[in-house]
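Participant: Chains as they are written, first to last, in our numbering: chain B, 442 to 871; chain S, 161 to 555.
Structure below; questions to follow.
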């Protein structure tokens, strides 16, 4: 994703393509009202991009806008605007950043105004705050809202009843709302085409993410990972652009594996992989580059992360399926990472530590996101107990710079890497 | 929990009843529940705040036990599970679980309140693998053929888990009888709320609150008798006469509960609390659940169509704050106290919409936060007192 702070950062070709795609999408959004195109605000987890694209509707994702504001150094001002209006300092800063951005003119990352929504598609997947967020936004905009309630995988599995509930809502609420808004009939064949392209891109994405099992890892699956997931998490699932992007990315990564190279990092290429980490939790966006440097300066590479699964878990075999269009969309929604229960999250993290031969699990616990953060201290202990690798815990926030204490985080990370060294010396880890 | 009204040294039957209730809810070891289990051979299932269908549990011979945190008990292990920016009730609930207080419970039900309580359900599974754990994923779609059907399946799944934990199988006859008993209980609670709206000096909220809290521990049959007794006693209290206090609605305290001392402080600061959202499970529905036809269907239908406008429910086609404004108007309240726990997402994310609605309606309001273990009430006392004074002087 494009940032001002990355202007001097090294990139590979796919990153440049990704940057152009995201910027192009924001330009398209800015021009959508002139072109008479409809826009739907919705969320990353549980997004129904293929369905929206089958109606020629542009998705707008408030979390992406908020994180972009964080990366562009604007979130503090936006959050302050929202707090002045009575939004509590205790709640999600994505929400406050979004409300503040609206107050400040709704200017997107390319400097152009974002369109107002024609519909709010509240895909309530894995995050209770989503529900409140769109209740707040519906007071801001004169447009209809349609709710898609995605049940939680509380017992660690998707039941027939859950799938049916989600599909029924799509059939009886989401699709009719889109038909009404666009004046177009739902075209299931068009949806199937889009889903088939999604599955291709997903295959390549999984290959890219799993390339981190190599030593050295050719990718950073957290900081670099947020670039890799950009297109598939946002507006491009189901498009030819996404297929081409993931094919190119996979080729680049496979070439790096062949050459035995480490990941591209902002300062060039990581020459020595000293620590392989699994990371749980979203990154901090306001000091993204500084945060990443704290890892690369120490030779730490993230080989697997859960944040890159928040918009869809594909590495356990799920693919969008053109033969079961609505059912597979429902399963996609139900399977997003934050919709998994705590035992399933522990299983996944412990599995990552083992499969990616990681030296440790690091949790970046963000104040804003209780969906991720509540229970992370227990997750840490459970994964430590099950894998024997040391756990580390740092705290920051998504887009509130007041909660990113660079010196404190750097100090904790240095101590954590020393702990890994100590364990190595004792023969506990590799 | 703060102590009873020591200052009055009242030995009346009413004071004794209130004192007994306070003792009951202070007893975090749940000795009453243990005694009930020994007496009946039944199982007991805990549940977190807001709403669960207690009728279903009762029909299967289960004692539903409301766990509303642990007040101001010392947290020794619970803090190790949560970051500083997460509310207090999950850490005190874990404390109770780990210190053995909840050993007499055969399981826990976690309603869909927020992400913290949702995640606590998974933590509970890991911490207490031999106990029943159910996350009650109530629908946010309120159409019978979608949310209703899904919710019915969820209730059936809960029922099956209860049987596995040792409860009786569910029968329509038993459920119909349980609905009848809880309807009776709900009518009594609503009658007390009505009386308090009319004559708040007769029914101090600090008393009504502990009476409701007792209903989270006692069997419904016993609690209904207690409610009758309480109504009878407060109606006989002739020395309770109106004072020049401001009538307010208190909102935001539907999950983590304020300390009893805070409720008393608000009343002493000059507020008659004429409506609130404490212990909502006893007033989740505005009317009786239907006693006609399929009882499980009636439970589902009541949830879809007759529930409070809780911040934990999507408002769908409704208007945010409408119900709060109506409650203010119908109760004759003169202001609103937004009294939310720190770090409570549903309450605090709702608050800007709710305050906007009451502002539009010209209703004065003030807001403060608490934690269940808050011990210093002076600042809130001054704020509430000033608010009450401003209402009496200028509204």
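Virtual Cβ for every residue (Gly too), placed ideally from N, Cα, C.
On a predicted model such as this, the values are computed, not experimentally measured, just so you know.
1. When we look at the beta-carbon of residue 554 of chain S and count the other beta-carbons within 10 Å, is it buried (16 or more) or exposed?
2. Which residues, in order along the segment 511-534 of chain S, keep a beta-carbon less than 9 angstroms from a beta-carbon of chain B?
3. What is the DSSP secondary structure of residue 336 of chain S, counted as helix, strand or coil?
4. Using a threshold of 8 angstroms, state whether the C-beta atoms of residue 639 of chain B and residue 679 of chain B are closer than that.
5. By Cβ distance, which residues of its chain are closer than 7 angstroms to residue 211 of chain S, with the 5 residues on each side in sequence left out?
6. By the criterion of Cβ-Cβ separation under 8 angstroms, what are the contact partners of residue 207 of chain S in chain B?
7. Using the beta-carbon of each residue, which ones in chain B are nearer than 7 angstroms to residue 502 of chain S?
8. Does the count of Cβ pairs from the segment 170-177 of chain S and the segment 220-235 of chain S closer than 8 angstroms reach three?
9. Where residue 861 of chain B and residue 717 of chain B are concerned, what is the direct C-alpha to C-alpha distance, given to the nearest angstrom?
10. When the Cα atoms are used, what is the spatial distance from residue 386 of chain S to residue 352 of chain S?
11. Thinking C-beta only, is residue 832 of chain B closer than 8 angstroms to residue 802 of chain B?
12. Report yes if the CB atom of residue 703 of chain B is closer than 8 angstroms to the CB atom of residue 710 of chain B, and no otherwise.
13. Pop quiz: residue 335 of chain S and residue 500 of chain S are said to be a contact at Cβ under 8 angstroms. What is the actual Cβ separation, rounded to whole angstroms?
14. So residue 649 of chain B and residue 690 of chain B are supposed to be a Cβ contact under 8 angstroms. How far apart are they, rounded?
15. Which residues in the same chain as residue 813 of chain B place their Cβ atom closer than 7 angstroms to its Cβ, once the five residues preceding and following it in sequence are excluded?
16. Rounding to the nearest angstrom, what Cα-Cα distance links residue 765 of chain B and residue 412 of chain S in this structure?
17. With DSSP collapsed to three states, give me the class of residue 415 of chain S.
18. Apart from the five residues just before and just after residue 473 of chain B, which ones in its own chain have a Cβ nearer than 6 angstroms to its Cβ?
19. Where DSSP assigns a beta bridge to residue 431 of chain S, which residues make up the other side?
20. For residue 677 of chain B, which of helix, strand or coil comes out of DSSP?
21. Counting along the chain, where does the beta strand (DSSP E) carrying residue 526 of chain S start and finish?
22. Cβ of residue 802 of chain B less than 8 angstroms from any chain S Cβ?
23. For residue 312 of chain S, does the count of other Cβ atoms within 10 angstroms reach 16, so buried, or fall short, so exposed?
24. Verify whether the separation of the beta carbon atoms of residue 816 of chain B and residue 282 of chain S is less than 8 angstroms.
25. Which residues share a DSSP beta bridge with residue 500 of chain B?
26. So, does the CB of residue 457 of chain B fall closer than 8 angstroms to a CB anywhere in chain S?
27. Please list, in chain order, all residues of the same chain as residue 273 of chain S whose beta carbon is under 6 angstroms from its beta carbon, the five residues on each side excluded.
28. Considering Cα atoms alone, identify which of S:513, S:268, S:505 and S:242 is closest to residue 485 of chain S.
29. Counting only beta-carbon atoms, is residue 476 of chain S nearer than 8 angstroms to chain B?
30. Give the C-beta separation of residue 589 of chain B and residue 562 of chain B to the nearest angstrom, bearing in mind that I take them to be a contact with Cβ-Cβ under 8 angstroms.
31. Decide if residue 885 of chain B is buried, meaning its Cβ has at least 16 other Cβ atoms within 10 Å, or exposed.
32. Given residue 663 of chain B, which residues of its chain have a CB within under 6 angstroms of its CB, disregarding the five upstream and five downstream residues?
33. What residues in its chain sit with their C-beta under 7 angstroms from that of residue 177 of chain S, if we drop five residues either side in the sequence?
34. Using CA coordinates, which residue listed in S:397, S:343 and S:261 is at the minimum distance from residue 215 of chain S?
35. Output yes if chain B places a C-beta closer than 8 angstroms to the C-beta of residue 508 of chain S; else output no.
36. Which whole-angstrom value is the C-beta distance of residue 570 of chain B and residue 533 of chain B, which I expect to be below 8 angstroms?
Facilitator: According to the data block:
1. The residue labelled residue 554 of chain S in the question sits at position 394 within the second chain. Classification for residue 554 of chain S: exposed.
2. 511, 512, 513, 515, 516, 527 and 529
3. Here residue 336 of chain S refers to the residue found at position 176 when the second chain is read from its first residue. Three-state result, residue 336 of chain S: helix.
4. Start at 1 with the first residue of the first chain, and residue 639 of chain B comes out as number 198. Start at 1 with the first residue of the first chain, and residue 679 of chain B comes out as number 238. In contact: residue 639 of chain B and residue 679 of chain B (Cβ atoms closer than 8 angstroms).
5. Here the question's residue 211 of chain S lines up with position 51 in the second chain. If we look at residue 211 of chain S and ignore the five residues flanking it on each side, its Cβ neighbours are 271, 440, 441 and 444.
6. Along the second chain, one-based indexing puts residue 207 of chain S at 47. Neighbours of residue 207 of chain S on chain B: none; closest Cβ ~14 angstroms, over 8 angstroms.
7. One-based indexing of the second chain puts residue 502 of chain S at position 342. Here the neighbours are 531.
8. no
9. Position 420 of the first chain holds residue 861 of chain B. Position 276 of the first chain holds residue 717 of chain B. Rounded to the nearest angstrom, the two C-alpha atoms are 10 angstroms apart.
10. Position 226 of the second chain holds residue 386 of chain S. Position 192 of the second chain holds residue 352 of chain S. C-alpha separation (whole angstroms): 12 angstroms.
11. For the purposes of this step, residue 802 of chain B is taken as the residue at position 361 of the first chain. For the purposes of this step, residue 832 of chain B is taken as the residue at position 391 of the first chain. It is a contact, given that the beta carbons lie within the stated cut-off.
12. In the first chain, residue 703 of chain B corresponds to position 262, counting from 1. In the first chain, residue 710 of chain B corresponds to position 269, counting from 1. Pairing residue 703 of chain B with residue 710 of chain B gives a Cβ-Cβ distance under 8 angstroms.
13. Within the second chain, residue 335 of chain S is the residue found at index 175, counting from 1. Within the second chain, residue 500 of chain S is the residue found at index 340, counting from 1. Contact doesn't hold; Cβ gap of about 35 angstroms is too wide.
14. Within the first chain, the letter at position 208 stands for residue 649 of chain B. Within the first chain, the letter at position 249 stands for residue 690 of chain B. That belief holds up - the Cβ atoms of residue 649 of chain B and residue 690 of chain B are roughly 6 angstroms apart, short of 8 angstroms.
15. Within the first chain, the letter at position 372 stands for residue 813 of chain B. Result list for residue 813 of chain B: 722, 723, 779 and 807, in chain order.
16. Residue 765 of chain B sits at position 324 when you count from the first residue of the first chain. Residue 412 of chain S sits at position 252 when you count from the first residue of the second chain. Roughly 43 angstroms between the two C-alpha positions.
17. Taking the second chain and counting its residues from 1, the one referred to as residue 415 of chain S is at position 255. Look at residue 415 of chain S here: in three-state DSSP terms it is coil, with no helix or strand label.
18. Here residue 473 of chain B refers to the residue found at position 32 of the first chain. Excluding residues within five positions, the ones whose Cβ falls inside 6 angstroms are 480, 499 and 556.
19. Against the second chain, residue 431 of chain S aligns to sequence position 271. In DSSP, residue 431 of chain S forms a bridge with S:406.
20. Sequence index remark: in the first chain, residue 677 of chain B carries index 236 (1-based). In the displayed model, residue 677 of chain B falls within coil according to three-state DSSP, outside both helix and strand.
21. For the purposes of this step, residue 526 of chain S is identified with residue 366 of the second chain, where counting begins at 1. Taken as a continuous stretch (DSSP letters only), the beta strand (DSSP E) holding residue 526 of chain S covers 525-530.
22. Counting from 1 along the first chain, the entry for residue 802 of chain B is found at position 361. No, its Cβ sits nowhere closer than 8 angstroms to a Cβ of chain S.
23. Translated into positions along the second chain, residue 312 of chain S becomes position 152. By the Cβ-count criterion, residue 312 of chain S is buried, with 16 or more other Cβ atoms from all chains shown falling within 10 Å of its own Cβ.
24. Locating residue 816 of chain B in the first chain gives position 375, counting from the first residue. Locating residue 282 of chain S in the second chain gives position 122, counting from the first residue. The answer is yes: Cβ separation under 8 angstroms.
25. For the purposes of this step, residue 500 of chain B is taken as residue 59 along the first chain, with counting starting at 1. DSSP, once it has assigned bridges, lists B:481 as partnering residue 500 of chain B.
26. Residue mapping note: residue 457 of chain B aligns to position 16 of the first chain, counting from 1. No, residue 457 of chain B lies away from the interface with chain S (no Cβ there is under 8 angstroms from its Cβ).
27. One-based indexing of the second chain puts residue 273 of chain S at position 113. So the qualifying residues of the chain are 210, 415 and 472.
28. In the second chain, counting from the first residue as 1, residue 485 of chain S sits at position 325. Closest by alpha carbon: S:513.
29. On the second chain, residue 476 of chain S is found 316 positions in, with the first residue counted as 1. By this cut-off, residue 476 of chain S is an interface position.
30. Locating residue 589 of chain B in the first chain gives position 148, counting from the first residue. Locating residue 562 of chain B in the first chain gives position 121, counting from the first residue. Your pair residue 589 of chain B and residue 562 of chain B checks out as a contact, with CB atoms roughly 7 angstroms apart and the cut at 8 angstroms.
31. Here chain B covers residues 442 to 871 and nothing more, so residue 885 of chain B does not appear.
32. Here residue 663 of chain B refers to the residue found at position 222 of the first chain. Counting only Cβ-Cβ distances below 6 angstroms, and skipping sequence neighbours, we find 720, 743 and 746.
33. Position 17 of the second chain, counted from the start, is the residue given in the question as residue 177 of chain S. Closer than 7 angstroms at the Cβ level, and outside the excluded window around residue 177 of chain S, lie 389, 390 and 393.
34. Here residue 215 of chain S refers to the residue found at position 55 when the second chain is read from its first residue. Of the candidates S:397, S:343 and S:261, S:343 places its Cα closest to the Cα of residue 215 of chain S.
35. Locating residue 508 of chain S in the second chain gives position 348, counting from the first residue. Output row for residue 508 of chain S: interface = yes.
36. Counting from 1 along the first chain, the entry for residue 570 of chain B is found at position 129. Counting from 1 along the first chain, the entry for residue 533 of chain B is found at position 92. Correct: roughly 5 angstroms between the Cβ atoms.
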